[in-house]
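Step one of this worksheet: look at the structure below.
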Amino acid sequence: SCRVGNLVFVSGQLPMKEGALSKGVIPSQVSVEEGAAAAKQAALNGLAVLAEAAGGLDKVRRIVRVGVFVCSDAGFTEQPKVANGASEFLQQVFGEAGRHARAAVGNIALPLGACVEVELLAEVA
2 SCRVGNLVFV SGQLPMKEGA LSKGVIPSQV SVEEGAAAAK QAALNGLAVL AEAAGGLDKV
62 RRIVRVGVFV CSDAGFTEQP KVANGASEFL QQVFGEAGRH ARAAVGNIAL PLGACVEVEL
122 LAEVA
């Protein structure tokens, strides 16, 4: 992460849980629903990084922007449905302060074969 004034930029986080990484291409190897769950996990991992940089989640004023990168099959155009997993989770955690600008982008490949990657930009106290 990188803090500039009251903004914290959290580098892209992968959907890692208990040492296991959600891998594959959406939708041929990973369903849209599984991809959304992976995006939620990556956002959760991003919140851990954000909390450390901000000195606690209680210091987060709002989520400003979320970037969701989706490892996609050619012709797949439902990246926003996958990204909703991260967006809806952040809104559940922060309420209105969790509403954000977003980009949902299809990619041919992601680091370590991950099915999604999520980056965050937050305003902190």
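Heads up: the sequence shown begins at 2 in my numbering, then just goes up one per residue. Note that CB positions come from ideal geometry on N, CA and C, so glycine has one too.
Exercise for review: Below 7 Å CB to CB, which residues in the same chain sit around Ala110 once its five sequence neighbours on both sides are set aside?
Suggested key: Cβ contact annotation for Ala110 (same chain, cutoff 7 Å, sequence separation greater than five): Cys72, in chain order.
**Study point:** Proximity below 8 Å, CB of His127 to CB of Arg66
**Key:** This structure cannot speak to residue 127, because the chain is shown only from 2 to 126.
Practice item. Along the beta strand (DSSP E) that carries Ala102, what are the first and last residues, could you check? Key: Note, Ala102: beta strand (DSSP E), Ala102 to Asn108.
Exercise for review: Rounded to whole angstroms, what's the CA-CA distance from Pro28 to Ala105? Just pull it up for me.
Suggested key: Per the coordinates, the alpha-carbon of Pro28 lies some 15 Å from the alpha-carbon of Ala105.
Practice item. On the DSSP bridge assignment, give the partners of Leu91 in chain order. Key: Bridge partners of Leu91: none, in fact.
Practice item. Compute the distance between the beta-carbons of Val117 and Phe77, then report whether it is under 8 Å. Key: No, these two residues do not count as a Cβ contact at 8 Å.
Check your understanding: Rounded to the nearest angstrom, how far is the Cβ of Leu113 from that of Leu15, given a contact under 8 Å?
Key -> Right, their Cβ atoms sit about 7 Å apart.
Exercise for review: Let me know the alpha helix (DSSP H) ranges lying completely inside the segment 9-70, each 4 residues or longer, listed in chain order.
Suggested key: Complete alpha helix (DSSP H) runs here, min 4: 33-55.
Point to revise | Between the CA atoms of Gln42 and Ala98 - distance to the nearest angstrom | key: So the two alpha carbons sit approximately 19 Å from each other.
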